[in-house]
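Peer 1: Have a look at this one.
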Amino acid sequence: MLCVGCPHRGVFYALKKLGTLVTGDIGCYTLGCLPPYSSLHTTFCMGAGIGNAFGLDKAIGDKIGHNIAAVIGDSTFIHAGIPSLIDIVYNKGMMTVIILNNNTTGMTGHQEHPGTGKTLRGETTHKLDIEKMVRAIGIEFVGLVNPYNLQKTEATLKEAIAYKGPAVVITEHPCIMLKSERAKPKIPFSVNTEICNQCGNCLDFGCPAMTKVESKPPTINPLLCIGCSMCAQLCEVKAIKPKK
Ligand code: SF4
Ligand code: SF4
């Protein structure tokens, strides 16, 4: 499953809410196909998601309000996604491409790539600006969002899907397994059992740090929780707060 606190969780949670038809490819984000999100509906080779979304858009886009999105990681986008993006602009696609920029090559072990500003040997080099490149290709709708902000992520995706033309949303948050991220101090969250009304909203988010036993309120494992705050954003009575 996606890691505890993985920024991709925020994206797949929003895509599930929006009922979007999602095409993907091979990367850590392929795990978005699993419950509770179940929001990745095709997976072929790396870079295939954008082409697949474009084909589906041409075939059935009109019937489903162009509610189609491709998800692709930053590394995969740079090595295998750019030609398809050029193609959807050229051939007037109406779907959305979500570039999950976690500033690394997540699945295969955190290799650098042209968008990280480092060579494979760790030397500083020119950093490709993904947003500028996407705009240079001809994409006019480019949304930038931190996927930890659930409300903004959903609103931006909604706007992109409704846009009458090809749209790109770039989600920006480093992979939480990067050494630099792991080194940051973490404040785990906890559930105030006196306030919790057991509505279950937070559990729908599916963070593996949360557990619920029988009729008791949910609990958060402080050894697993990294304090991303996403579950807390879903609690209407504000029962989830950083642990003191
Ligand atoms: S804050 Fe909530 S969603 Fe984030 S890691 Fe902790 S338990 Fe999981
Ligand atoms: S969302 Fe809040 S009130 Fe609902 S179960 Fe979770 S902690 Fe309790």
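The numbers in the numbering used here rise by one with no breaks, and the one at position 125 of the sequence shown is 108.
C-beta: ideal position from N, C-alpha, C; glycine also.
CB residue 36 to CB residue 51, shorter than 9 Å?
Peer 2: Yes; because the gap between Cβ atoms is below 9 Å, this pair is in contact.
Peer 1: Please look up how many angstroms separate the CB atoms of residue -13 and residue 190, rounded, as I've assumed it's under 8 Å.
Peer 2: At roughly 6 Å, the Cβ-Cβ gap stays under 8 Å, so residue -13 and residue 190 are in contact.
Peer 1: Where does residue 220 land, buried or exposed, given buried means 16+ other C-beta within 10 angstroms?
Peer 2: It counts as exposed.
Peer 1: Less than 7 Å between C-beta atoms, sequence neighbours within five positions excluded: which residues of the same chain meet that for residue 143?
Peer 2: These residues qualify, in order along the chain: 79, 124, 126, 150, 152.
Peer 1: Can the beta-carbon of residue 205 be found less than 9 Å from the beta-carbon of residue 222?
Peer 2: In this structure, residue 222 does not lie closer than 9 Å to residue 205 by Cβ.
Peer 1: Note down the Cα distance separating residue 85 from residue 13, rounded to an integer number of angstroms.
Peer 2: Approximately 14 Å, taken between the alpha carbons.
Peer 1: Report the option in 27, 18, 227, 134 whose CA atom is closest to the CA atom of residue 10.
Peer 2: When only C-alpha atoms are compared, the closest one is 27.
Peer 1: Given the structure, does residue 222 come close to ligand 1, in the sense that its CB is under 8 Å from one of the ligand's heavy atoms?
Peer 2: Because no heavy atom of ligand 1 lies under 8 Å away, the Cβ of residue 222 does not count as near it: no.
Peer 1: Quick check on residue 213: buried or exposed, where buried means 16 or more other Cβ atoms within 10 Å of its Cβ?
Peer 2: Buried, because 16 or more other Cβ atoms sit within 10 Å of the Cβ of residue 213.
Peer 1: Relative to the C-alpha of residue -1, which candidate in 161, 104, 29, 137 has its C-alpha closest?
Peer 2: Nearest option by C-alpha distance: 137.
Peer 1: Comparing C-alpha positions only, which one of 117, 2, 185 sits nearest to residue 22?
Peer 2: The shortest C-alpha separation from residue 22 is found at 2.
Peer 1: Is DSSP giving residue 193 helix, strand or coil here?
Peer 2: Three-state DSSP puts residue 193 in a strand.
Peer 1: Under the criterion of a Cβ to heavy atom distance below 8 Å, does residue 212 qualify as lining ligand 1?
Peer 2: Yes, Cβ of residue 212 sits closer than 8 Å to a heavy atom of ligand 1.
Peer 1: Runs of 3 residues minimum, wholly inside the segment 180 to 226: which ones carry the beta strand (DSSP E) assignment?
Peer 2: The qualifying runs are 223 to 225.
Peer 1: Can you list, in chain order, the residues of its chain whose CB lies under 6 Å from that of residue 154, leaving out five sequence neighbours each side?
Peer 2: The answer, listed in chain order, is -6, 83, 128, 130.
Peer 1: Jot down the residue ranges of each uninterrupted alpha helix (DSSP H) in the segment 52 to 116, minimum 4 residues, whole runs only, in chain order.
Peer 2: You should have 65 to 73.
Peer 1: In chain order, which alpha helix (DSSP H) runs of at least 4 residues are fully inside the segment 107 to 166?
Peer 2: Segments of the alpha helix (DSSP H) lying fully in the segment 107 to 166: 113 to 120, 133 to 145, 162 to 165.
Peer 1: Bridge partners of residue 25, per DSSP?
Peer 2: BP columns for residue 25 point to 6.
Peer 1: Counting only the same chain and skipping the five closest in sequence on each side, list residues whose C-beta sits under 6 Å from that of residue 194.
Peer 2: Within the same chain, residue 194 has close Cβ partners 202.
Peer 1: Using 8 Å for Cβ pairs, my map puts residue 32 next to residue 7. What's the rounded Cβ distance?
Peer 2: With 8 Å as the limit, residue 32 and residue 7 qualify as a contact, their Cβ atoms being about 5 Å apart.
Peer 1: What is the DSSP secondary structure of residue 174, counted as helix, strand or coil?
Peer 2: Strand, per DSSP.
Peer 1: If I'm right that residue 99 touches residue 110 with Cβ under 8 Å, what's the distance once you round it to whole angstroms?
Peer 2: Going by Cβ atoms, the distance from residue 99 to residue 110 rounds to 7 Å, so yes, they are a contact pair.
Peer 1: Alpha helix (DSSP H) containing residue -9: first to last residue?
Peer 2: First-last of the alpha helix (DSSP H) with residue -9: -9 to 1.
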